[in-house]
Every structure is written in structure tokens, then in C-alpha cells.
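2 is the number of the first residue of the sequence shown in my numbering; add one for each residue after it.
Structure record follows, encoded as C-alpha cells.
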Amino acid sequence: MPTRYDRLAHRYDAALSPLERRFLRKLRKEVIAALPNQGRILEIGAGTGANFVFYDSASKVVATEPSREMIQIAKAKTEQNIRLLQSYGERLPFKNETFNAALATLVMCSVQSPEQVFAELKRVVRPGGVIALLEHVRPSGVLGVLFDALNLITVPLMDDHVNRRTVDVAGRAGLKVTKVRRVAWGIVNIITCVV
Numbered sequence: 002m003p004t005r006y007d008r009l010a011h012r013y014d015a016a017l018s019p020l021e022r023r024f025l026r027k028l029r030k031e032v033i034a035a036l037p038n039q040g041r042i043l044e045i046g047a048g049t050g051a052n053f054v055f056y057d058s059a060s061k062v063v064a065t066e067p068s069r070e071m072i073q074i075a076k077a078k079t080e081q082n083i084r085l086l087q088s089y090g091e092r093l094p095f096k097n098e099t100f101n102a103a104l105a106t107l108v109m110c111s112v113q114s115p116e117q118v119f120a121e122l123k124r125v126v127r128p129g130g131v132i133a134l135l136e137h138v139r140p141s142g143v144l145g146v147l148f149d150a151l152n153l154i155t156v157p158l159m160d161d162h163v164n165r166r167t168v169d170v171a172g173r174a175g176l177k178v179t180k181v182r183r184v185a186w187g188i189v190n191i192i193t194c195v196v
């Protein structure tokens, strides 16, 4: 099951490195802090494992990622409490209510169907469980119109949807959105939901 990220995997960490140093690392810590300190946690779209260092060692984490090459890089960052699995967010291979919480960082822009991903997250996370997201989204106002135009380039080039309204999609999926923190003119959101 090859993905477009297989060819980007070996350059991915280097490409994100300036953003990680500037603000992403801090935002990753913040979004993971919204998760419980223990229990079973699902991370979808784990990429090269950038979040792994922030998990509490008492948590049991299953990290899914569709790209085989990204998984190979993530393996070097895996702690004892983290298990890697190749899987798409739209088709999670878990029973209903398997996890206490779920996480996605910079994922919803690149999935085929955010609606299906949220339906799957709602299915596999127990009632009352937290779903925490760190996503780039369509900002409001004039900047949003610019992102709509930019989307005409980013989707064909990288299949990256820069104008998704992730908060709205989560709400329509039946999740209770409890917190939205907008960063960088609303381009980046930390979104906390409850199943």
C-alpha cells in the first residue's frame, strides 16, 4: 500500500525542522497534554514519530501510519509503550471503543475523507474519550480566500488540502468540540473534542 509520503519520508523531518524549532514542538506538547496520562491512546498519521517523545510512559500507544517509509523512520523513535501499525485513518483495524483517547497532528489535510476519519475515531474511542488534534486549517476572512486559491495548487501538487474546516467536520461527525485554540492568524488550530 504505497503512499505519496513514501517518496517524501526521508526529507520530511529536515523539511519540518525549522517549523519544529519555531513553534510546532511546543504545540505538539500542548496537544498531547490534552490526552490522559495513562490508558490506551491511538495516534493516526504518526508520520516519522515526531510526537513519540511527548507521550507519558504510563500510556499504551498504538501509532498508525499509511506510509511504509515513514514507519521505518518512526521505528527508531519508538519507545516500549508505542506500537506501530500500517493503516489508513479511514479504515482503522480496531474494535469499537478500544481506546481511551486519540491524537492526530497535521493529518486531516492529507486524508482522503476527513468525515470518514472522524467517524472511525468516534467508533474506536470510548464514550467520554478525548480526541486531540493539531491541524492547519482554512483561516477566516481574506486569508481564507487566499487559502482557497492556494488549495488549487497544493492538492494537485502534494494532495494537501490547506483549506479544510476541521472544526466544522468534527462537529458534524457528532463529536463535542470542547476547545479550539487558534495560532498563527488562525492557520493552525489545536482542537480538543470529546466522543
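In this text, a Cβ means the ideal position worked out from N, Cα and C, and glycines have one as well.
These figures come from a predicted structure and were not determined experimentally.
| Item | Value |
| --- | --- |
| Tell me the residue span of the alpha helix (DSSP H) that contains S18. | R5 to L20 |
| Along the alpha helix (DSSP H) that carries A105, what are the first and last residues, could you check? | Looking at the DSSP string, A105 is not in any alpha helix (DSSP H); the run it does join, the beta strand (DSSP E), is F100 to T106. |
| Just tell me which of V181, P94 and E136 has its CA closest to the CA of V112. | E136 |
| Roughly how many whole angstroms lie between the Cα atoms of V138 and R182? | 12 Å |
| Does Q81 come out as helix, strand or coil in the three-state DSSP assignment? | coil |
| Can you tell me whether F119 is buried or exposed? The criterion is at least 16 other CB atoms within 10 Å of its CB, across all chains shown. | buried |
| Verify whether the separation of the beta carbon atoms of Y13 and I33 is less than 8 Å. | no |
| Return the CA-CA distance between N38 and S60, expressed in angstroms with no decimal places. | 6 Å |
| Using the DSSP secondary-structure output, state which residues sit across from S60 in a beta bridge. | G40 |
| In the structure shown, what three-state DSSP assignment does P115 receive? | helix |
| When DSSP labels each residue in this structure, what does V168 get in the three-state scheme? | helix |
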